[in-house]
Amino acid sequence: MAGVYGKQLKSNSVEPLKVHVDHANREVLYPQEHLHPSLKQMWHQAQHAPDFIPGSAALIKKVKELLALPDDDKRIDLTGVKDDLSTRMVHGFPIPPQFGNDVIESLKEMSPKVLQYALGGPPGEQVKYLPISIGTLLHLIREVFQKLKEGKLKEKMHLYFCHDTTLTALLVALGIFDGDWPPLCCSISLESISGGR
Numbered sequence: 000m001a002g003v004y005g006k007q008l009k010s011n012s013v014e015p016l017k018v019h020v021d022h023a024n025r026e027v028l029y030p031q032e033h034l035h036p037s038l039k040q041m042w043h044q045a046q047h048a049p050d051f052i053p054g055s056a057a058l059i060k061k062v063k064e065l066l067a068l069p070d071d072d073k074r075i076d077l078t079g080v081k082d083d084l085s086t087r088m089v090h091g092f093p094i095p096p097q098f099g100n101d102v103i104e105s106l107k108e109m110s111p112k113v114l115q116y117a118l119g120g121p122p123g124e125q126v127k128y129l130p131i132s133i134g135t136l137l138h139l140i141r142e143v144f145q146k147l148k149e150g151k152l153k154e155k156m157h158l159y160f161c162h163d164t165t166l167t168a169l170l171v172a173l174g175i176f177d178g179d180w181p182p183l184c185c186s187i188s189l190e191s192i193s194g195g196r
């Protein structure tokens with residue numbers, strides 16, 4: 000912070016931090032599948048029509064067996080189960096005993112594929128679906144850099160807090176998604192560097 004606000008910090012002339020929060024229906028920091036029929040369809044296909052993602056049908060069947068749910072139960076979504084188990088592990092809550100390491104590892108491996116499909120659509124169709132899931136945020140980021148380039152940006156730093164689904168969609172859109180679920184408390188930094196270097 001000293002590099003960004005050096006002289007202001009010494010003179011105590013820093014203004015209080017302002018936090019902008021938008022209404023949930025206008026929020027751009029997470030994909031809004033309930034507002035976009037196409038994104039909702041992709042989300043539904045990824046979660047409930049597992050034929051689209053190789054291996055997910057068998058894992059859904061296994062999870063249903065472990066939870067003693069009937070085959071026709073549509074409440075299971077692999078990302079939700081993975082999220083629940085990860086939260087339990089991080090916060091020290093017990094894992095249901097029927098979920099062995101093999102199932103947990105399978106969920107960790109399959110969930111990012113399901114999420115990538117849900118947010119970006121099937122391979123080859125990401126140009127169609129990524130703008131729906133992450134386009135508004137990318138546009139916002141682009142506007143900030145454009146204002147900076149034009150000398151119209153007052154703020155020296157923009158900080159956004161978002162959901163792991165947003166990070167996944169952003170990584171996919173930037174072409175740098177490695178197939179792993181973003182870890183807890185991870186970050187992405189976009190910087191503009193000026194000068195002779």
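Residue numbering for the sequence shown follows numbering that gives the first Met the number 0, starting at 0 and increasing by one per position. For every residue, glycine included, the Cβ atom is placed at its ideal position computed from N, Cα and C.
- Secondary structure at asparagine 24: coil, using DSSP grouped into helix, strand and coil.
- In the DSSP assignment, proline 130 falls within the unbroken alpha helix (DSSP H) covering 125 to 148.
- DSSP, read as helix, strand or coil, puts valine 113 in helix.
- Shown here, glutamine 40 sits in a helix according to DSSP, grouped into three states.
- The residue from Thr86, Gly79 and His138 with its alpha-carbon nearest to that of alanine 172 is His138.
- Counting along the chain, no alpha helix (DSSP H) covers alanine 67, and no H or E run does either.
- Beta-carbon to beta-carbon, isoleucine 133 and proline 30 are separated by about 7 Å, close enough to satisfy the 8 Å threshold.
- Here glutamate 104 carries a helix assignment [DSSP, helix/strand/coil].
- Collapsing the DSSP output to three states places serine 55 in a helix.
- By the CB criterion at 8 Å, leucine 118 and threonine 78 fall outside the cutoff.
- Judged by their CB atoms, isoleucine 131 and leucine 189 are not nearer to each other than the 8 Å cut-off.
- Taking each of Arg74, Leu169 and Lys61 in turn and checking the Cα distance to tyrosine 128, the smallest one comes out for Leu169.
- Proximity to glycine 54 across Asp71, Ile75 and Lys112 peaks at Lys112, based on C-alpha coordinates.
- A contact between stretches requires three or more CB pairs, one per stretch, nearer than 8 Å, and the segment 20 to 39 meets this requirement with the segment 150 to 161.
- For leucine 166, the enclosing alpha helix (DSSP H) starts and ends at 163 to 172.
- In the structure shown, the three-state DSSP call for methionine 156 is coil.
- Contact between the segment 50 to 70 and the segment 89 to 107 is present: three or more C-beta pairs spanning the two stretches fall below 8 Å.
- Straight across, the Cα-Cα distance linking lysine 107 with glutamine 145 is about 38 Å.
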